[in-house]
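Down below is the structure, laid out as structure tokens.
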Amino acid sequence: MTTSNVESEVREVVREDDLERQFEERSRLYKTLAMGVSFSAQNIHFAEIGKEPSGFLVRKYGTIATTMKFGSGIEGVEKNIRDLNSYLTGCLEDNGIQARRLNLSLNTHLVSLQRVTADAAFSEEEFENYVNWEFGQHVLDGADQYVINSCELSSGGASHEILLVGVRRRFVDTLKQTLEKSKIDLTCMDVDVLCAHAAYEVNYDPLSGGGLTALAEVKPGVLTILLCQDYDVKFVYQFPVSAKSNPGKVGFLLNQNLDYLMDDYQDESGVQARIGRTLLCNVLAPSVLPHVDKRFNPSLIEPLRKIRLSEDYLVAAPRTDESGDAPAARVLPATDFSPYAECFGAAVKLLVEA
Amino acid sequence: MIRINLLNSQHAVAHTRDRTGETVLGSERTVSTEARKSSRMVWILTVGLILLIVGGIMLYTKRYEVVAYLEQYTGPLNILPVQEVALSAEEIEEQRRDKIRQLYMTNTYRIQGRDLFFLSKMDSLRGEARKPGYPRIASLSLEGNDFVLDVYARSIKEFAELTKAVVTVYTVEAVKPYDPKPSKAMAGYRYYRPVEGTLRIPSSAETDTSLVETRYASLDKARKMVTDLAVKNRLKAEEQDEMKLTKGVVVNKYRVGLKLEGASSDFFKFLKQLGALSINVEQAKCGIVYAEQRDARKPRPDVMEFDYNVLVPVRVTEARADSAARP
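Chains as they are written, first to last, in the working numbering: chain A, 1 to 354; chain B, 355 to 681.
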């Protein structure tokens, strides 16, 4: 063996090591990093979250103001959201986002959410037919024009509680076409309220007193309530509100409907229960919060209760006399993070699935 | 955690096969069905448009015929300018004859109007006979411009009043008085005197604007119309077998004799309605013999002799063929 041959072999080994290391690094990034994006009015909220042994860490987050009015149906017309790709590409580059997977959270009122009960004895074909028929009862067009997903909420006895989620196929197709040239893979498409539910699940412990948790998505036009026993969704309730209603009116309607919801729940389950806490999320949450009845223990959803925020975003805690010369602790900024609940939840859902 | 992914549908939707054999989604099928419908609609509209254009062109080229057809039902529409086309000599001659016929018929209607006026006036004078001291008109006859009344009176003086009444009728030109003669022909009346006279000739139509549109019916149809009209007016009509033809250049005249029985008042209604028909019938002779009513419970009908001419136009082509056939 000549010297040159040895050198070339060593070089090959080194190169293979590099490739392997790069592959491992990419694989790790792919598995442990995810990006969540949600739309709210004219804003795009985004977050890059990493999965670490100690829990989830928000590496990047922010809001992009656009000229597009999301949730109005523009998602179904490509020319109206042509700029979305540019906004997203700019966001990836400006923030140095390394995640390779994206979960896009759609506005809840673009989606049809139905909780239905299916017979446990259904065969696969019967179940398919049942889902299509049941969904068709709630939409005007044919069910074939929708992308339908179902998720089992609870099972037991002779029936299953199923959550049916359907969105118009053209919304999905348009968004897919718009984002297909993006540098990030659109891996999943989800719904705001379900992403907020994921954020709730990750950040909140079950209520010790055994009460129910009402997760209320408060936005102009439609109000969605998920009534949860711990993390299990027991009721899905949607009702329209005028897009121009003031927060007081929306709060009044929310109080009223929470009462109706509890009545329905008690009639159906036969269990005397109460609402232990109400978590408000989405655009109108801060303004509606003062108008929600104290009986329901309302609060804004806090997506950073357990999910940690990157050190870069933390601020020094205000000094007290007892702290002496010790370096100031780094704490969360006094910002309302509730608008980010959906994008945090969207990213977390990808990581949990992984 | 509720796991959904709306990028893909978890549930199969109804698939079907399109014409090429590839499976298509229901929504795609909807789109293709709509496209097919639109395509069909475009075809229908295109064909409809072409038909409309062709119809429009045909209507434009045949506009004079169409308007002429419509004018049969609606009367003159005057929606098209006068068609100025070069007419053949034959057509010009036909137009000239048409004009002559129209003038002739217009004058005929005027004369018939005059006759009707005179006859009804005489009829009303006969009604006066019920008065004491007034003569009785037994019959009256009118042919052309000449008329004759057969008058019976109880005394010679009674004739003077009637003659005066006849002379003062507007349409009467002159009266020829005859000497009264003793007569026993009419019970209760001692004298008889005929009153002959002539009627004024009415002013003739000379301009196109005064022309009356005539409906030319065939000989048989015209005869049937006259007879039907008489029957309609409660007259017993009996057509004479003999029919006299007078050949002319512009029209051929067929003289038809009609014997009518019934009330004279119905006869006047018949004459009035016949005039209003404006058909190619010319009144030739009109005579009324009033029946003597002896018993009011059994009225006897008056007898009317009504001769008329049916004027059948002679076309240039017919006249030429006729002359060619002559040796």
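Cβ coordinates follow ideal geometry from the N, Cα and C atoms, glycine included. Please read these numbers as outputs of a predicted model, since none were measured by experiment.
Near chain B, meaning a CB-to-CB distance below 7 Å, no residue of the stretch 284 to 317 of chain A qualifies. Just so you know, the alpha carbons of Val250(A) and Leu92(A) end up roughly 36 Å apart. The beta carbon of Gln229(A) sits closer than 7 Å to the beta carbons of Leu212 from its chain, once the five residues preceding and following it are set aside; these are given in chain order.
Scanning chain B for C-beta atoms nearer than 8 Å to the C-beta of Met189(A) yields Asn359, Leu360 and Leu361, reported in chain order. In this chain, the beta strand (DSSP E) harbouring Phe235(A) covers Asp232 to Pro240. Under the 8 Å criterion on CB atoms, Val58(A) is classed as non-interfacial with respect to chain B.
For Lys639(B), DSSP records a beta bridge to Glu497(B) and Asp661(B). The Cβ-Cβ distance between Met597(B) and Ile633(B) does not fall below 8 Å.
Asp192(A) counts as buried, since at least 16 other C-beta atoms from the protein chains shown sit within 10 angstroms of its C-beta. Here DSSP, grouped into helix, strand and coil, assigns Val521(B) to helix.
Secondary structure in the stretch 16 to 99 of chain A: the beta strand (DSSP E) runs of 3 residues or longer, each lying completely within the stretch, are 33 to 40, 43 to 52 and 55 to 65 in chain order. With its beta carbon at least 8 Å from every one in chain B, Ser154(A) lies outside the interface. Glu25(A) and Leu19(A) have their C-alpha atoms roughly 10 Å apart. Counting along the chain, the unbroken alpha helix (DSSP H) around Arg480(B) starts and ends at Ala443 to Gly481. Residues of chain A whose Cβ lies closer than 8 Å to the Cβ of Ile356(B) are, in chain order, Cys151, Leu153, Leu163, Leu194, His197, Ala198 and Val233. Between the alpha carbons of Glu75(A) and Tyr87(A) lies a gap of roughly 15 Å.
Our two residues, Val139(A) and Arg170(A), have alpha carbons roughly 15 Å apart in a direct line. The DSSP-derived three-state label of Gly276(A) is strand.
One alpha carbon belongs to Pro240(A), the other to Val288(A), and they sit about 15 Å apart. The Cβ atoms of Leu583(B) and Gln594(B) do not sit closer than 8 Å to each other. In summary, the residues of the stretch 120 to 141 of chain A whose CB is separated from some CB of chain B by less than 7 Å are Glu128, Val131 and Asn132, in the order they occur in the chain. Interface residue (Cβ-Cβ distance to chain B less than 8 Å): Val352(A) is classified as such. Nearest neighbour of Phe344(A) by Cα position, chosen from Asn246(A), Asn282(A) and Ile184(A), turns out to be Asn282(A).
Residue pairing of Pro548(B) in beta bridges, as defined by DSSP: Asp504(B). Pro303(A) and Ser393(B) have their alpha carbons spaced roughly 54 Å apart. In its chain, beyond the 5 residues on either side, Val505, Phe513, Tyr532 and Pro534 have a beta carbon closer than 6 Å to the beta carbon of Arg547(B). Bridge pairing for Ile148(A): Gly166(A) [DSSP]. Here the stretch 46 to 55 of chain A does not lie against the stretch 79 to 86 of chain A, with fewer than 3 beta-carbon pairs under 8 Å apart. Counting along the chain, Met189(A) sits inside no alpha helix (DSSP H); it lies in the beta strand (DSSP E) bounded by residues Asp185 to Val191.
Counted as a single uninterrupted DSSP element, the alpha helix (DSSP H) harbouring Pro286(A) occupies residues Ala285 to Val288. Per DSSP, the beta bridge partners of Ser154(A) are Glu161(A). One finds Ile148, Asn149 and Ser150 in chain A with Cβ atoms closer than 8 Å to the Cβ of Gln364(B), taken in chain order. In the DSSP assignment, Ser572(B) falls outside any beta strand (DSSP E) and carries neither an H nor an E.
Here Met597(B) is bridged, per DSSP, to Val610(B).
Boundaries for Ala317(A): no beta strand (DSSP E) harbours it, and the DSSP string shows neither H nor E there.
Going by DSSP, Lys623(B) is part of no beta strand (DSSP E) but of the alpha helix (DSSP H) stretching over Ser618 to Leu631.
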